[in-house]
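Asks:
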Amino acid sequence: MHSAITLCQVPEAAAGPFVFHEPLDVGFQKAADLGYDAVELFLPGPDAVPIAEITTLQEKHSLKIAAVGTGAGMVKHGLSLTDPDPAQRAKALEFLLGMINFGGQLGAPAILGSMQGKWGGDVSREQALEWLAEALTEAGEAAAKHEVPFIYEPLNRYETNLINRLADGADWIDSANLSHIVLLADMFHMNIEEVDIAQAMHDGGRHLGHVHFADSNRRAMGFGHTDPAPVIRALHDIGYVGYLSAEVFPLPDADTAANQTIQSIKSLLS
Ligand code: LER
Ligand code: MN
């Protein structure tokens, strides 16, 4: 397993669960100084930062790009893949495919979180999941061209009513016959929705591809009440070799959260 930390450049997400909000060169420098393996990028869109600028920073600091988030499509543009309006769904998919191509050029998968939207009103759950499966089919194909997967993230009940638990996500990937799609296990969402986080890694782990490594209160691991040791054992048991990525609040401040996370990961993996 490898360590990663979130870098956010989206003003609309300034209050979100991302560690470094400084300019990218500062975020890369801090991540490298602390000994992280990779950064996870949360950017305003596919054209916000030139690829060359990121590869230059990567090479300078020997950091991989763990993943790229797509939440700006929702928080900046209000786009959802399950919007009742077909024109809005098309725009959402276009944004997503742009982010997949952007990440793909960096060898990084894109993540679908908040842009999955919700069902309700005139849209049934069945209909929303059908639209989502259609979008994920295209997303998976686009990601595969870059030889990366596409990451689907179950969220807690306050953020989506589609799929809230890892095993439900894994069952859905199987039943909808989705290819090149992996799941994101966000331990903050899981603390709300799962009976037992470690057991859930076993139950849904056959499609696991990424982990948001957060404590119960979405602070750095060690600053809440989750016991990470059984979760790490479960991840070892299922053969998970991906990232533990700190998508957490910069509390009490970004440097402390970043340092706490890397210390936690190092001691858990040693
Ligand atoms: C994104 O990774 C996430 O976890 C969501 O809570 C953002 O809405
Ligand atoms: Mn997350």
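Taking our numbering, I'd label the letters of the sequence shown as residues -1 to 268. By construction, the Cβ of each residue, glycine as well, lies at the ideal position given by its N, Cα and C atoms. A quick note: this is a predicted structure, and the numbers were derived from the prediction, not measured.
1) Are the beta-carbon atoms belonging to E151 and L110 less than 8 Å from one another?
2) F148 lies in the beta strand (DSSP E); which residues open and close that run?
3) Just checking E191 against ligand 2 - is the residue's beta carbon closer than 7 Å to any of the ligand's heavy atoms?
4) Please classify R163 as buried or exposed, where buried requires at least 16 other C-beta atoms within 10 Å of its C-beta.
5) Could you confirm whether any beta carbon from chain C is found closer than 8 Å to the beta carbon of S122?
6) Indicate, with yes or no, if ligand 1 has a heavy atom lying under 7 Å from the CB of L153.
7) Do you know offhand how far Q114's Cα is from L130's?
8) Would the C-beta of D184 count as close to ligand 2, meaning under 7 Å from any of its heavy atoms?
9) I'd like to check one pair, Y241 with H208: are the Cβ atoms closer than 8 Å?
10) Which residue from K62, K116, G69, L95 puts its Cα closest to that of A106?
Replies: This is what the structure holds:
1) yes
2) 148 to 150
3) no
4) buried
5) This model lacks chain C altogether, as it is built from one protein chain only.
6) yes
7) 7 Å
8) yes
9) yes
10) K62
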